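*Asks:* Heads up: the sequence lines are chains A and B, in that order.
Residue numbering for the first sequence is 5 to 275, as defined by the working numbering.
Residue numbering for the second sequence is 5 to 275, as defined by the working numbering.
Number of protein chains: 2
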Amino acid sequence: MKIGVFDSGLGGLSILREIIKVLPDYDYVYLGDNARVPYGGRSDKVIYQFTKNAVDFLFKKNCGLIVLACNTASSMSLQRIQQEYLAKNYPDRRVLGVIKPAVEKVGELQAKRVGVIGTYATVNSKAFIREIKKVYPKAQIFQKACPLLVPIIEEGEIDWIGLKLILEKYLAPLKKKKIDSLILGCTHYGLIANKIQSIIGKDVRIITEGIETAIKLKDYLARHPEIEFKLLKNKAREFYVTDLNLRFLKMARFFLGKKFRNFKDLTFISI
Amino acid sequence: MKIGVFDSGLGGLSILREIIKVLPDYDYVYLGDNARVPYGGRSDKVIYQFTKNAVDFLFKKNCGLIVLACNTASSMSLQRIQQEYLAKNYPDRRVLGVIKPAVEKVGELQAKRVGVIGTYATVNSKAFIREIKKVYPKAQIFQKACPLLVPIIEEGEIDWIGLKLILEKYLAPLKKKKIDSLILGCTHYGLIANKIQSIIGKDVRIITEGIETAIKLKDYLARHPEIEFKLLKNKAREFYVTDLNLRFLKMARFFLGKKFRNFKDLTFISI
């Protein structure tokens, strides 16, 4: 069996890249639902439906374990997928998210005033607040939705003055709250972590999900040999997208980084 | 039979508003595919599939004539919908777009150097170039994709300095070409027409699709009594969306304008 990684678009490739750095030997299947990206502004009903479609597809592709490398899907659908869908249909398979790994880091850092930035859906779901309260109930949490960051990053406008201006606007209320750490609650944000750091201030600890998810996945497999022993280790990688166009191919290279420039062509699947 | 208006999101409501101003007596059915918005960055294959779904839905809702109030759908799918889908399945019904009305205005103005702004998909389709060449072959056309305008407008960041900066960036190459008219090739752009005018200069004629589409639809019905006589005139309005959430309800009010504040609740349909 393989490890599946799902994202609403291609931002999850940055999570996959970090996972492969830590666990290079396994076989990976990536699915990006870029025909229906972004999920961020959609209702929980629709997000659950889309996520279930994706999980179903990856199970059919022989994935024994799936990482929902999408904060919106993780925050809005993971619990229901685990409790309703898996329990009934696939009791021996696992679906994990990207929220818990970042949240556990908050506990390790013993952070007291935690900022969280993400899409509307992630922020409105209050998933980070709920999860942080479980792990580290003393922490105070301050959220801020940053809806324009994803389109700006996807446009490659990373050095544009407008990005700096909107970051100053979005981060101002968090600065005022004197946060000591900041969770980048969206896969895209890792790509502008240094810009976020320079605006929020160097004393604030930035928590990026890719690295934390990779570390926690390694721990998980060590603790669950009944899952681990079923996983193939041929270093195979498959990439599926629900829409294939030049702009997305360019973005795929951008997210995968230089090391992954020569990955095989993305495969189109109809939704 | 009713008049259907389709858009990938809610931007088409601004077109519907203009149509209702000119033709208030007819029955209208609006469909916004906001579960899968935006179409702008997607491939022609996926856009055709989504548009066909929408047309199908509106025909089932008893629409005899549909306006594709979405530039992406109009430019990528209208011709195929008319030639393949309608001809085969619904030879007595009609589907019109928003591109031709704006293009005919270019001919009326005898514009010589025409700018066109829109999404990636609209610009890459070259639909405006193709259509303008038919109507007015002497015109020179200069296109520019403006991918960040829709997310900024949908965030309501209309008075934000970043909008001015990105407009200056997007419009600079068109200013350099000394255009005499500018087609706003996206339903959203009508909402910032005055900002566009102030940056492109007061001598450039701005062509907005809503007004042109409404005028041309009135002409069309006058020329096609065989369609017109089938249309109901009870002033009924129905609104369907593929995703229902608070943010979209807020946007609906924003697009419909003050007069339409008390429209009935949007109806959710599953896609």
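Don't be surprised by glycine CBs; every beta carbon is placed ideally from N, CA and C.
Note that the coordinates shown come from a computational prediction; the quantities given were computed from them, not determined experimentally.
Strictly by DSSP, which residues pair up with Gln144/A?
*Replies:* Counting from 1 along the first sequence, the entry for residue 144/A is found at position 140. DSSP, once it has assigned bridges, lists Arg117/A as partnering Gln144/A.
*Asks:* Closer than 7 Å, Cβ to Cβ, to anything on chain A: give me those residues from the stretch 40–70 of chain B, in chain order.
*Replies:* Cβ contacts with chain A: Arg40, Gly45, Arg46, Ser47 and Val50.
*Asks:* For chain B, find out if any of its Cβ atoms is closer than 9 Å to the Cβ of Pro155/A; answer yes or no.
*Replies:* Here residue 155/A is taken as the residue at index 151 of the first sequence, counted from 1. It does; some Cβ of chain B falls within 9 Å.
*Asks:* Could I get the ranges of all uninterrupted alpha helix (DSSP H) runs contained in the stretch 213–253 of chain B, with 4 residues as the minimum, in chain order?
*Replies:* Segments of the alpha helix (DSSP H) lying fully in the stretch 213–253 of chain B: 213–227 and 229–232.
*Asks:* Compare the beta carbon distance of Leu221/B and Val71/B with 9 Å and say whether it is the shorter of the two.
*Replies:* Along the second sequence, read from residue 1 onward, the residue named residue 221/B stands at position 217. Along the second sequence, read from residue 1 onward, the residue named residue 71/B stands at position 67. Yes. Within cutoff.
*Asks:* On the DSSP letters alone, give me the boundaries of the beta strand (DSSP E) that Asp11/B sits inside.
*Replies:* As a working note, residue 11/B is residue 7 in the second sequence. Per DSSP, Asp11/B belongs to the beta strand (DSSP E) from Lys6 to Asp11.
*Asks:* Starting from Tyr89/B, follow the beta strand (DSSP E) in both directions and report where the run begins and ends.
*Replies:* Mapped onto the second sequence, residue 89/B falls at position 85. Per DSSP, Tyr89/B belongs to no beta strand (DSSP E) and is neither H nor E.
*Asks:* Looking only at its chain, what residues have a beta carbon closer than 7 Å to the beta carbon of Leu82/B, apart from the 5 residues adjacent to it on each side?
*Replies:* In the second sequence, the residue the question calls residue 82/B occupies position 78. Only Leu72, Val99 and Gly101 meet the Cβ criterion.
*Asks:* Suppose the cutoff is 6 Å on Cβ atoms and the five residues either side in sequence are ignored; what does the same chain contact list for Val127/B look like?
*Replies:* Counting from one through the second sequence, the residue named residue 127/B turns up at place 123. For Val127/B, where only same-chain residues beyond five positions count, the Cβ hits under 6 Å are Gln147 and Ala149.
*Asks:* On the CB-based measure, 16 or more other CB atoms within 10 Å of its CB, does Thr191/A come out buried or exposed?
*Replies:* Counting from one through the first sequence, the residue named residue 191/A turns up at place 187. Result: buried.
*Asks:* Say whether the stretch 161–173 of chain A touches the stretch 195–205 of chain A, bearing in mind that this needs 3 or more beta-carbon pairs closer than 8 Å, one atom from each stretch.
*Replies:* Flag = yes, the stretch 161–173 of chain A and the stretch 195–205 of chain A touch.
*Asks:* Should Ser12/B and Asp37/B be called a contact, given that it needs their Cβ atoms to be closer than 9 Å?
*Replies:* Position 8 of the second sequence, counted from the start, is the residue given in the question as residue 12/B. Position 33 of the second sequence, counted from the start, is the residue given in the question as residue 37/B. Yes, they are a contact pair.
*Asks:* Can you give the Cα-Cα distance for Ala176/A and Gly111/A, rounded to whole angstroms?
*Replies:* Locating residue 176/A in the first sequence gives position 172, counting from the first residue. Locating residue 111/A in the first sequence gives position 107, counting from the first residue. In a straight line, the C-alpha of Ala176/A is about 25 Å away from that of Gly111/A.
*Asks:* State the CB to CB distance for the pair Leu35/A and Phe63/A, rounded to an integer number of angstroms; the pair is presumed to be in contact (CB under 8 Å).
*Replies:* Within the first sequence, residue 35/A is the residue found at index 31, counting from 1. Within the first sequence, residue 63/A is the residue found at index 59, counting from 1. Wrong, their Cβ atoms sit about 11 Å apart, outside the cutoff.
*Asks:* With H, G and I counted as helix, E and B as strand and the rest as coil, what does DSSP make of Val41/A?
*Replies:* Reading the first sequence from its first residue, position 37 is the one you call residue 41/A. If DSSP states are grouped into helix, strand and coil, Val41/A belongs with coil.
*Asks:* Just to confirm before moving on: does the CB-CB distance between Tyr43/B and Ala77/B stay below 9 Å?
*Replies:* If you number the second sequence from 1, residue 43/B lands on position 39. If you number the second sequence from 1, residue 77/B lands on position 73. In this structure, Ala77/B lies closer than 9 Å to Tyr43/B by Cβ.
*Asks:* Considering only residues of the same chain and omitting the five flanking positions on each side of Met5/A, which have a CB-CB separation below 7 Å?
*Replies:* Residue mapping note: residue 5/A aligns to position 1 of the first sequence, counting from 1. The residues are Asn66, Cys67, Gly68, Lys234, Leu235 and Leu236.
*Asks:* Considering just the uninterrupted stretch of the alpha helix (DSSP H) at Tyr32/A, what are its terminal residues?
*Replies:* Counting from one through the first sequence, the residue named residue 32/A turns up at place 28. That residue, Tyr32/A, is in no alpha helix (DSSP H); its beta strand (DSSP E) goes Tyr32 to Gly36.
*Asks:* Which complete beta strand (DSSP E) runs does the stretch 167–211 of chain A hold, if anything under 3 residues is left out?
*Replies:* Runs found: 185–188.
*Asks:* Is the distance from the Cβ of Phe258/B to the Cβ of Leu188/B below 9 Å?
*Replies:* Within the second sequence, the letter at position 254 stands for residue 258/B. Within the second sequence, the letter at position 184 stands for residue 188/B. No; because the gap between Cβ atoms is not below 9 Å, this pair is not in contact.
*Asks:* For Leu27/A, which beta-bridge partners are listed by DSSP?
*Replies:* Counting from one through the first sequence, the residue named residue 27/A turns up at place 23. DSSP output for Leu27/A lists no bridge partner at all.
*Asks:* Around the Cβ of Pro155/A, are there at least 16 other Cβ atoms within 10 angstroms (buried) or fewer (exposed)?
*Replies:* Against the first sequence, residue 155/A aligns to sequence position 151. Flag for Pro155/A reads buried.
*Asks:* Under 9 Å, do Leu113/B and Ser185/B count as touching if we go by C-beta distance?
*Replies:* Along the second sequence, read from residue 1 onward, the residue named residue 113/B stands at position 109. Along the second sequence, read from residue 1 onward, the residue named residue 185/B stands at position 181. A contact, by the Cβ cut-off of 9 Å.
*Asks:* Check this for me: beta carbons of Tyr280/B and Phe54/B, under 9 Å apart or not?
*Replies:* Outside the shown range of chain B (5 to 275) lies residue 280/B, about which nothing can therefore be said.
*Asks:* Would DSSP call Cys273/B helix, strand or coil?
*Replies:* Translated into positions along the second sequence, residue 273/B becomes position 269. One point to set straight first is that residue 273/B is Ile, not Cys, in the sequence displayed. Coil.
*Asks:* Counting only C-beta atoms, is Gly166/A closer than 9 Å to chain B at any point?
*Replies:* Reading the first sequence from its first residue, position 162 is the one you call residue 166/A. Yes, Gly166/A counts as interfacial toward chain B.
*Asks:* Any heavy atom of the ligand NAD within a distance shorter than 8 Å of the CB on Lys182/A?
*Replies:* Of ligands this structure carries none, so the ligand NAD is not represented either.
*Asks:* According to the Cβ coordinates, are Glu213/A and Ile19/A closer than 9 Å?
*Replies:* For the purposes of this step, residue 213/A is taken as residue 209 along the first sequence, with counting starting at 1. For the purposes of this step, residue 19/A is taken as residue 15 along the first sequence, with counting starting at 1. Contact: yes.
*Asks:* Taking the straight line between their C-alpha atoms, what separation do you get for Ile24/A and Asn57/A?
*Replies:* By 1-based counting over the first sequence, the position of residue 24/A is 20. By 1-based counting over the first sequence, the position of residue 57/A is 53. The straight-line gap from Cα to Cα measures roughly 25 Å.
*Asks:* Please list the partners that Pro151/A has in chain B, where partner means a Cβ-to-Cβ separation under 8 Å.
*Replies:* Locating residue 151/A in the first sequence gives position 147, counting from the first residue. Ordered by position in chain B, the residues that pass the 8 Å Cβ test against Pro151/A are Pro155 and Glu159.
*Asks:* Quick one, which residues of the stretch 119–143 of chain A are near chain B if we go by CB-CB under 7 Å, in chain order?
*Replies:* Listed in sequence order: Tyr124.
*Asks:* Report yes or no: is there a C-beta of chain B within less than 9 Å of the C-beta of Asn38/A?
*Replies:* For the purposes of this step, residue 38/A is identified with residue 34 of the first sequence, where counting begins at 1. Asn38/A counts as touching chain B.
*Asks:* How many angstroms separate the CA atom of Lys3/A from the CA atom of Ala256/A?
*Replies:* With chain A covering only 5 through 275, there is no way to say anything about residue 3/A.
*Asks:* So if DSSP puts Ala149/B in a beta bridge, which residue, or which two residues, is it bridged to?
*Replies:* For the purposes of this step, residue 149/B is taken as the residue at position 145 of the second sequence. BP columns for Ala149/B point to Gly122/B.
*Asks:* At a Cβ threshold of 9 Å, is Asp247/A touching chain B?
*Replies:* On the first sequence, position 243 is the one that residue 247/A refers to. With 9 Å as the cut-off, Asp247/A counts as an interface residue toward chain B.
*Asks:* Would you say Ile170/B lies against chain A (beta-carbon separation less than 9 Å)?
*Replies:* To locate residue 170/B, count along the second sequence from 1; it is residue 166. Interface residue, yes.
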